[in-house]
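Beneath this line is the structure, given in structure tokens, with notes to follow.
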Amino acid sequence: MNRVILIKYGELTTKKGNRKLFINGLYSHILKKLKNLNVNIFKDMSRMYIEYNSSDEKLILKNIGEIFGIHAYSIAYKVETDLDKIKEMLTLVLKEKLDDSRSYTFKVETKRSDKSFKIDSMECNNEFGSYILKNFSNLKVDVHEPDILIHVEIRKEFSYIYLNEYKGLGGYPVGTLGKCLLMLSGGIDSPVAGYLAMKRGIKLDLVYFEAIPHTSLEARNKVIELAKKLAIYGLEMKLIIVPFTKLQEEIYKNVEGNYSITIMRRMMYRIMEKLAKRFKSLGIVNGESIGQVASQTLTSMNVINSVINLPVIRPVACFDKLEIIDISKKIDTYDISILPYEDCCTVFVPKHPIINPNLDNCLKMESKFDYSSLIDEIMNNLLVITITNEEENEYSDIL
Ligand code: ATP
Ligand code: MG
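As structure tokens, this is what we get:
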């Protein structure tokens, strides 16, 4: 039997004008994701079909479950569009899939996209339903809560039969809505923020601020491990490692303790704006969540945000910590995030960071040292590596 994986598009089908763009984006993402496997992919305006070797089935299903822009997918049986041939295939599929010592209720759901086909969807349901009743004594109809839903999709040349459907990740294909830079720390929030941004079709490059020797190479490795998890969804992404030590030390020399985090985050944002320009990104994504810490009150956010002119997307801004943790477990970043290596933000945390910083005070403190030339120096000393989700990449040369 000729099996294919049938893919139903996600939200992209609602974007009429851009439909082609989204479908092509999804197509190239699937091709890249399955590049090591022997597959043929066919696409039309409402479905994609993947032909594959049966020994790769499990692996392909796993990979398809990691791609944004897919609403649902199933293993479907392909047959020529002909009433008798479809019936024959129905028999084969039901014989293979069902246990003949058990009884089941069923319902046939036909979708006829080939309007020239001689009978309409309702008539197909009746035709196939009564055919099944005649040939399978252990099957009975239940149109409300059937044990098995038999899908038949009738298209011009070929038709497809499938029983089960897997739920896809939804969202838009990564890259179809532009690129942003994700501020990726070793914490729980930022990988989740990155995942959610990618779900909206945003391609990401990643930025990690580090303060060696105050932070360790283990902390860097932790960020690389998190980045590899994000690369499951984003495929290839750059990780930009920002040498933040000197600037951070200057902040702590020149700024009153309770303002140090506020000023540090203003500096991070200034650097992010320069990086966005250099790496051709349309915005910044981070894991800030309202009220979580002093620098994430609305007053703090205003004072920090005022140094830049780019959209800052905060996908977890309104999530509870427990909701964020749930997602981090689902995407398998939680266990990495809770490893105990210190981040540059936590190394220098003052006892009482200010909750309601004042912009004039920030400007006064910042005028005490030449941060612009330190930022220029940072921009000349970035370390940029390429992250992929492939196991063989160990990045040992930078650890
Ligand atoms: P946690 O999950 O423990 O809250 P966090 O990474 O969210 O950790 P925060 O202090 O809440 O830490 O920082 C808010 C956001 O700022 C982070 O989600 C991240 O996007 C960004 N950020 C913080 N530290 C760094 C860093 N060293 N490099 C890059 N981005 C950072
Ligand atoms: Mg946080």
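Mapping of the sequence shown onto our numbering: residues 642 to 1040, in sequence order. Every residue gets a Cβ at the ideal spot worked out from N, C-alpha and C, and that includes glycine. In this text, all values refer to a predicted model and were calculated from it rather than measured experimentally.
CA-CA distance, residue 671 to residue 991, rounds to 47 Å.
Annotation for residue 742: no beta strand (DSSP E) segment contains it, and DSSP assigns it neither H nor E. Per DSSP, residue 1027 is one residue of the beta strand (DSSP E) stretching across 1024-1028. Bounds of the alpha helix (DSSP H) holding residue 891 are 886-895. Between residue 860 and residue 982, the gap from beta carbon to beta carbon is short of 7 Å. In the structure shown, residue 821 falls within a strand segment according to DSSP collapsed to helix, strand and coil. In the three-state reduction of the DSSP assignment, residue 681 falls in the strand class, which pools E and B.
Judged by beta-carbon spacing, residue 796 lies within the 7 Å limit of residue 754, meaning their Cβ atoms are closer than that value. For residue 782, the uninterrupted beta strand (DSSP E) segment begins and ends at 780-782. The stretch 888-896 and the stretch 923-936 do not touch, with fewer than 3 CB-CB distances between them shorter than 8 Å. Under DSSP, residue 647 forms a beta bridge with 690 and 715. Under the three-state reduction of DSSP output, residue 792 falls in the strand class.
Non-local C-beta neighbours of residue 841 in its own chain, meaning closer than 7 Å and more than five positions away in sequence, comprise 812, 813 and 818, ordered along the chain. Here the alpha carbon of residue 741 sits roughly 40 Å from the alpha carbon of residue 968. In terms of Cβ geometry, residue 827 and residue 1017 do not form a close pair [threshold 7 Å]. Beta-bridge partners assigned by DSSP to residue 878: 1028.
Distances from the CB of residue 850 to the heavy atoms of ligand 1 include at least one below 6 Å.
In the structure shown, residue 947 falls within a coil segment according to DSSP collapsed to helix, strand and coil.
Contact annotation: residue 847 and residue 880 have beta-carbon atoms nearer than 7 Å. Going by DSSP, residue 850 is part of the beta strand (DSSP E) stretching over 844-851. Distances from the CA of residue 687 to each of 718, 649 and 733 were compared; the closest alpha carbon is that of 649.
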